[in-house]
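Comments concern the structure below.
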Amino acid sequence: MSRINVLDQKTANAIKAGEVIERPVSVVKELVDNSVDAGATSVTIEFQNGGISLIRVSDNGIGMDKEDALKSFLIHATSKIKSADDIYDLTTQGFRGEALASIAACSDVTLVTKQADMDAGVLIEYKDGELLRQCETSADKGTVVCVENLFANMPARYKFLKRDATESMYICALVEKLAVINPHITFKLIKDGKQIMSTPGNGNMRDAIYAIYGKETASNLVQIDYELNGLKLKGFAGKPSFVRGNRSMQYVYVNDRPIKSATVTAAVDEAYKASVMKHKYPICVLCIYIPAGGVDVNVHPQKAEVKFSDDSAIFRLTLHGIRNAVFEQKNGNVSEPVQEAQPVIHNTTGNAKSLREKPAARSEIKAADNLLKILSEFKPDISKIEKETEVKDETEAPVVEVLEEPSDKPSEEAAEELITEPRVEDRELIDELLSSEFVGFLFATYIIMQSDEAVFLVDQHAAHERVLYERFGSRRKDIKEGGRDIETLLIPQILDLSTSDMSFVTDNLDRFKEFGFDIDLVGERQIALRAIPVATKAEDRLKSMSKPSVMFTQILDDLKRETSSTSHVWTSLIQTTACKAAIKAHDRITKEEALSLISQLHECNDPYHCAHGRPTFFKTSETELEKRFKRIV
Ligand code: ADP
Ligand code: MG
């Protein structure tokens with residue numbers, strides 16, 4: 006008996022919907038793509054409750070006649086391609102003909118559309134994947150698609166949705182991205198009844214960026230217009246001094262399609278390698294244009310990724326395009342990247358930190374070299390350690406690696422001897438640290454302490470992060486109980502936020518307030534920071550740190566990356582605030598500050614781990630050192 010069923014259309018659509026429509030933002034993406042393809046010059050996106058209860062996209066594009074409007078909901082119904090060959094030379098966003106069918110399979114959809122020469126519009130309504138109604142209606146030229154009750158019929162998928170605030174943020178971030186690449190279209194974004202973004206639609210990309218991100222971002226961008234072997238790179242690259250805490254503002258488009266690409270990201274990192282600190286990300290809008298045949302866009306159901314026929318050509322295009330624009334290396338050498346070449350940094354304003362780091366790294370290498378030399382006198386065969394001490398990107402690495410014993414023992418075992426994980430309730434070790442004496446600093450990162458027979462190395466950043474983490478945690482309680490443990494800023498700091506950041510802050514305003522960030526919403530995309538948690542104020546920071554506004558943006562970036570569910574928001578806020586406010590590796594502190602830090606660490610419930618669980622210090626004994634130097638066996 007035959008066991009294979011050919012699934013009916015409704016079931017097929019529901020399965021497809023699972024691939025194409027992952028969350029509310031996927032609906033927005035498909036609908037806006039359709040509006041763009043329809044030649045609209047104005048697109049309005051409205052949504053409610055993170056898009057879960059309502060998404061409505063209206064455009065003034067060409068519209069559809071009645072027959073096409075009905076067909077548009079059929080799977081693989083498209084006006085954009087005729088045969089498979091066409092997908093290598095696309096001029097449209099859509100081509101798979103499955104978006105409307107998929108959306109109708111997982112929500113309630115109403116579509117109203119009218120072409121310019123039609124007397125009346127057409128209304129089509131789908132519910133539970135079935136056509137419910139079709140009739141004439143009055144309408145303006147263009148198309149309006151209204152999607153309600155997303156995933157109401159798919160409980161499993163519904164369960165995976167994040168908080169409304171998070172889904173909202175995804176939608177805002179997507180619309181920003183689409184508005185930037187379509188500067189000829191006026192975009193309006195309306196969230197829960199309130200307009201939160203609009204772009205001029207005058208065809209100028211910088212103006213669109215200005216409208217979305219504000220003056221500061223727009224003025225920190227350098228234009229790119231570059232060509233290499235028939236490939237083009239246009240757009241903007243941020244000055245190295247203007248960085249963010251994650252990649253959310255690194256936009257990549259291929260033939261006007263927003264995509265993610267590891268190749269392009271790697272090229273961006275390479276381009277800025279010498280001038281931007283680790284874990285900091287310059288902003289960029291990279292529009293890559295590839296002639297027909299050079300790219301396959303049909304590799305991802307949501308069209309979020311593409312396949313390049315020549316990855317290395319794309320890498321070089323991006324690397325040189327950015328370097329030429331940002332570092333003005335107009336030396337005509339465009340064919341091959343010169344790996345060692347350090348870009349000339351013309352704009353160093355505000356970049357003191359990244360420049361400061363380099364001498365530190367060099368001195369570490371020198372220190373490591375010296376240690377190696379000393380060690381080599383004891384033991385001629387040092388090839389093994391040499392290999393291990395190759396300079397790693399992580400500047401903290403050498404100290405531990407150099408100490409690694411050149412023995413035949415498995416290195417894990419050796420490390421075990423050096424670092425014994427103390428238990429939280431065990432106070433002996435921290436008491437011992439407290440009563441030990443200050444010796445000095447290593448690499449401006451580790452505090453060296455010594456007792457009668459032991460040596461301690463304290464990671465200044467990890468230790469301070471722990472201190473602040475516990476302080477935040479307990480002060481949050483004070484704040485809740487009516488205490489006002491916040492520092493009011495003498496001059497409120499005005500911050501321009503992007504639409505998605507603004508959306509995140511507005512949706513979490515109470516939490517920020519509860520925690521000690523007093524924020525006023527000043528404009529559509531502007532906030533005034535009036536107070537910050539007291540634990541981040543100068544005296545607690547041991548040394549002065551960046552402006553509260555900079556710290557706030559960094560905290561925001563980290564929070565956006567880390568928080569997906571309500572319960573994590575607080576922990577993350579505390580963790581990231583502690584981490585950002587803490588002194589960093591390579592920050593020079595005084596002996597008094599080091600001692601004060603250790604006594605504060607002593608007060609902690611868990612003095613042994615930073616907020617992220619890494620060790621704050623470790624102990625090694627004099628006997629251990631004697632063994633290493635073969636004074637004793
Ligand atoms: P695709 O975009 O891949 O062709 P869709 O399911 O998104 O598939 O849309 C199916 C068809 O419906 C499109 O090819 C287009 O002809 C028509 N269509 C959808 N949305 C619009 C719109 N906003 N304006 C005009 N036509 C539209
Ligand atoms: Mg489409």
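The sequence shown lines up with residues 6 to 638 when you count with my numbering. Ideal Cβ positions, reconstructed from N, Cα and C, are used throughout, including at glycine.
Cα-Cα separation between LYS132 and GLU24, rounded to whole angstroms: Start at 1 with the first residue of the sequence shown, and residue 132 comes out as number 127. Start at 1 with the first residue of the sequence shown, and residue 24 comes out as number 19. Distance between the alpha carbons of LYS132 and GLU24: 20 Å.
At 3 residues or longer, and completely inside the segment 60–121: list those beta strand (DSSP E) runs for me, N to C. 113–119
So who's on the other strand from ALA536, going by DSSP bridges? Residue mapping note: residue 536 aligns to position 531 of the sequence shown, counting from 1. Bridge partners of ALA536: THR493, ASP523.
Determine the closest residue to ARG162 out of PHE448, MET6, ALA19, SER47, with distance taken between C-alpha atoms. Your numbering for residue 162 matches position 157 in the sequence shown. Ranking PHE448, MET6, ALA19, SER47 by Cα distance to ARG162 puts ALA19 first.
Cβ-based neighbour list, THR142, same chain, cut-off 8 Å, excluding 5 preceding and 5 following: Looking up residue 142 in the sequence shown gives position 137. Excluding sequence neighbours, THR142 sits near VAL117, ALA125, GLY126, VAL127, LEU128.
Taking all protein chains shown into account, decide if ASN10 is buried (16 or more other Cβ within 10 angstroms of its Cβ) or exposed. One-based indexing of the sequence shown puts residue 10 at position 5. Answer is exposed; the Cβ neighbour count stays below 16.
Between the Cα of GLU470 and the Cα atoms of ALA583, VAL273, GLU519, which residue gives the shortest distance? Against the sequence shown, residue 470 aligns to sequence position 465. Considering only alpha carbons, the answer is ALA583.
Contact set, the ligand MG heavy atom to C-beta under 6 Å: Cβ-based neighbours of the ligand MG within the cut-off: GLU35, ASP38, ASN39, GLY99, ALA104.
How big is the Cα-Cα spacing for LEU602 and THR621? As a first step, residue 602 must be located in the sequence shown, where it is residue number 597. As a first step, residue 621 must be located in the sequence shown, where it is residue number 616. Between LEU602 and THR621, the C-alpha separation is close to 11 Å.
From GLU492 to ALA590, what distance separates their C-alpha atoms? Residue numbering aside, residue 492 sits at position 487 when the sequence shown is read from its first letter. Residue numbering aside, residue 590 sits at position 585 when the sequence shown is read from its first letter. Approximately 26 Å between the Cα atoms of the pair.
Inter-residue Cα distance where the pair is GLU631 and GLN455: Reading the sequence shown from its first residue, position 626 is the one you call residue 631. Reading the sequence shown from its first residue, position 450 is the one you call residue 455. So the two alpha carbons sit approximately 15 Å from each other.
Taking only heavy atoms of the ligand ADP into account, decide whether any of them is closer than 7 Å to the Cβ of GLY250. The residue you call residue 250 lines up with position 245 of the sequence shown. Answer for GLY250: no, Cβ out of range of the ligand ADP.
Could you check if LYS182 is buried or exposed, using at least 16 other CB atoms within 10 Å of its CB as the buried criterion? The sequence position of residue 182 within the sequence shown is 177, counting from 1. With 16 or more Cβ atoms within 10 Å of its Cβ, LYS182 is classed as buried.
Grab the span of the alpha helix (DSSP H) containing CYS177 for me, first residue to last. Translated into positions along the sequence shown, residue 177 becomes position 172. Run containing CYS177: 169–186, per the alpha helix (DSSP H) assignment.
From LYS34 to LEU179, what does the alpha carbon distance come to, in whole angstroms? What you label residue 34 is simply residue 29 of the sequence shown in a count that begins at 1. What you label residue 179 is simply residue 174 of the sequence shown in a count that begins at 1. Answer to the nearest angstrom: the Cα atoms are 7 Å apart.
By DSSP's criteria, GLU310 is part of a beta bridge. Which residues make up the other side? Translated into positions along the sequence shown, residue 310 becomes position 305. Note: GLU310 sits in no beta bridge, so no partner.
Cβ-heavy atom distance between GLY66 and the ligand ADP below 7 Å? Numbered from 1 along the sequence shown, position 61 holds the residue referred to as residue 66. The answer is yes for GLY66.
Report the three-state DSSP secondary structure of ILE719 (helix, strand or coil). The requested residue 719 is not part of the displayed model; the chain covers only 6 to 638.
With distances taken Cα to Cα, identify the nearest neighbour of LEU166 among GLY55, ARG619, ARG432. One-based indexing of the sequence shown puts residue 166 at position 161. Of the listed residues, the one whose Cα sits closest to LEU166 is GLY55.
With DSSP as the reference, please indicate the residues paired to ASP301 in a beta bridge. Locating residue 301 in the sequence shown gives position 296, where the first residue counts as 1. Per DSSP, LYS312.
Of all the CB atoms in chain B, is at least one closer than 8 Å to the CB of ARG535? Of the chains in the structure shown, none is chain B; there is only one protein chain.
Compare the beta carbon distance of VAL281 and VAL248 with 8 Å and say whether it is the shorter of the two. Counting from one through the sequence shown, the residue named residue 281 turns up at place 276. Counting from one through the sequence shown, the residue named residue 248 turns up at place 243. Cβ distance < 8 Å, so VAL281 and VAL248 count as in contact.
Which value, in whole angstroms, describes the spacing of the CA atoms of ILE637 and LEU322? For the purposes of this step, residue 637 is taken as residue 632 along the sequence shown, with counting starting at 1. For the purposes of this step, residue 322 is taken as residue 317 along the sequence shown, with counting starting at 1. Going from the Cα of ILE637 to the Cα of LEU322 covers about 59 Å.
Could you tell me whether any non-hydrogen atom of the ligand ADP is closer than 7 Å to the CB of SER84? Translated into the one-based positions of the sequence shown, residue 84 becomes position 79. Flag set: Cβ of SER84 near the ligand ADP.
Is ARG476 helix, strand or coil when you go by DSSP? In the sequence shown, residue 476 corresponds to position 471, counting from 1. Residue state, collapsed to three classes: helix.
Would PHE623 pass as a contact of LEU561 if the rule is Cβ separation under 8 Å? Locating residue 623 in the sequence shown gives position 618, counting from the first residue. Locating residue 561 in the sequence shown gives position 556, counting from the first residue. Result no, Cβ atoms of PHE623 and LEU561 do not sit closer than 8 Å.
Three-state class that DSSP yields for LYS283 in the structure shown: Reading the sequence shown from its first residue, position 278 is the one you call residue 283. Residue state, collapsed to three classes: coil.
So, is ILE579 buried or exposed, given that buried needs 16 or more other C-beta atoms within 10 angstroms? As a working note, residue 579 is residue 574 in the sequence shown. Buried is the call here.
Got a sec: does the ligand ADP put a non-hydrogen atom nearer than 7 Å to the Cβ of ARG101? On the sequence shown, position 96 is the one that residue 101 refers to. The closest heavy atom of the ligand ADP lies less than 7 Å from the beta carbon of ARG101.
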